[in-house]
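Under full-length UniProt numbering, the final residue of the sequence shown carries the number 249; numbering is consecutive throughout.
C-beta: ideal position from N, C-alpha, C; glycine also.
If you're wondering where the values come from, they're calculated on a predicted model, not measured in any experiment.
Please read the structure below before turning to the comments.
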Amino acid sequence: MALRELRRAVEQVNGACSIAQVMTDFENGLRNAITSVFMVEPQNLRGCLFHASKAWFRRIQSEGLAPVYREQVNNGEAHSQLNRWLHAVFGLPCLHPTEVEQVWGELKRIQPQDQRVTSFVNYLDQYFMLPTSTWPPVYWAALAGERHRTNNAAESLHSVLKRLIGRRHPNVRLFLQKLKVHHESVRIKLRSTRIPSSRRSPKELQRCVIVDQYTEGRIQLFELLEDLGRVNTFPNLSADGDRDEDGQP
């Protein structure tokens, strides 16, 4: 209902509502609604990198692999092979979607012999890694360096409005007043910024450097995936309390 009203409002103002691509989490109800209301092709309904990584990490936790994933070593010491393999898996979202299945096959070929790993692999096969998975790579994989890999900006706006309004079901008048306050503060910030920032995030730059090392032959495929996977490790993925509470698998 809300999405239909949003589309209607956009059409009233703009005359048409044409959306080329949408990024969201992996909640099926929301994704189906967006596809239906805005006529977005399934391959253009992108999945947020943070939410994909969070779903994978939660599965690691449920399998008892979190301590291995969080493994700390002294400078100069090597991580265990299991730790390296787990991080290599988290590097897969930085490949082109057409490359993921083959590279995933290579990772499965060298997977550590551990029942917990086997269960994790079966989970990824079912939900993420194959063309027949619930959310195949075309939804969440993209070359390293591509911008807008997460929906953190939208999540941040939601958090700001939640703090500003302060209640779940506010009075309509209060709600509109608070929105006007936020709108004015954003407008002032935009007017005070003469040159918009277009610089890439530190993680985007790190990913590009790692890919360049691989392209130049300085690191092998497994090292590429492992290094990308360590960049893709969000700080609060390893914390006990996540910032999001959606229904991820």
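Endpoints, the beta strand (DSSP E) within which residue i is located
i: G47; result: L45 to G47
i: P22; result: Before going on, a small fix: residue 22 reads as Val here, not Pro. Unbroken beta strand (DSSP E) run through V22: V22 to T24.
Option nearest residue i by Cα separation, candidates the options
i: G229; options: L92, P136 and P170; result: L92
i: I19; options: Q220, P202, V13 and I34; result: I34
i: residue 250; options: H51, V181, S36 and G105; result: Residue 250 lies beyond the range of the chain shown here (1 to 249); nothing can be said about it.
i: residue 250; options: E77, M129 and R58; result: Lying outside 1 to 249, the shown extent of the chain, residue 250 is not represented and no answer is given.
i: L107; options: R84, N232, H169 and A55; result: R84
i: R109; options: E11, F222 and N44; result: F222
i: A55; options: H182, F128 and R173; result: F128
i: G105; options: R207, Q115, P131 and N28; result: P131
i: T233; options: S53, H79, N122 and G76; result: S53
i: V22; options: S36, E11, N14 and A16; result: S36
Under 8 Å between C-beta atoms of residue i and residue j
i: Y214; j: L205; result: no
i: G141; j: V100; result: First, the amino acid is wrong: residue 141 is Ala here, not Gly. Their beta carbons are under 8 Å apart, which means A141 touches V100 by this criterion.
i: V138; j: P97; result: yes
i: F38; j: R8; result: no
i: D125; j: S119; result: no
i: P31; j: L49; result: Here the sequence assigns Arg to residue 31, which means Pro is not the residue at that position. Not a contact, by the Cβ cut-off of 8 Å.
Cβ neighbour criterion (16 or more within 10 Å) applied to residue i
i: S62; result: exposed
i: G47; result: buried
i: D227; result: buried
i: I188; result: exposed
i: R163; result: exposed
i: K180; result: exposed
i: E245; result: Caution is warranted here: a pLDDT of 33 is assigned to E245, below 50, making its placement in the model unreliable, and the coordinate value is therefore given only provisionally. Exposed, by the Cβ-count rule.
i: Q87; result: The displayed chain sequence assigns His, not Gln, to residue 87. So H87 counts as buried.
i: P170; result: exposed
i: V186; result: exposed
First through last residue of the alpha helix (DSSP H) which encompasses residue i
i: E99; result: P97 to R109
i: V138; result: Taken as a continuous stretch (DSSP letters only), V138 belongs to no alpha helix (DSSP H), as it is neither H nor E.
i: S119; result: Q115 to L124
i: Q12; result: A2 to N14
i: L221; result: L221 to V231
i: C17; result: That residue, C17, is in no alpha helix (DSSP H); it is neither H nor E in DSSP.
i: E77; result: Taken as a continuous stretch (DSSP letters only), E77 belongs to no alpha helix (DSSP H), as it is neither H nor E.
i: V37; result: N28 to F38
i: P202; result: P202 to T215
i: P69; result: Checking the displayed sequence, the identity of residue 69 turns out to be Tyr instead of Pro. Residues A66 to Y69.
Closer than 8 Å to chain D by CB, residue i
i: Q12; result: As a matter of chain content, chain D is missing from the structure shown, which is built from one protein chain.
Expected contact under 8 Å - CB spacing of residue i and residue j to nearest Å
i: P112; j: Q72; result: In fact, because the Cβ distance is near 19 Å, the residues do not count as touching under 8 Å.
i: L95; j: V103; result: 6 Å
i: V172; j: K203; result: Between K203 and V172 the Cβ distance is about 40 Å, and since that is not below 8 Å, they are no contact.
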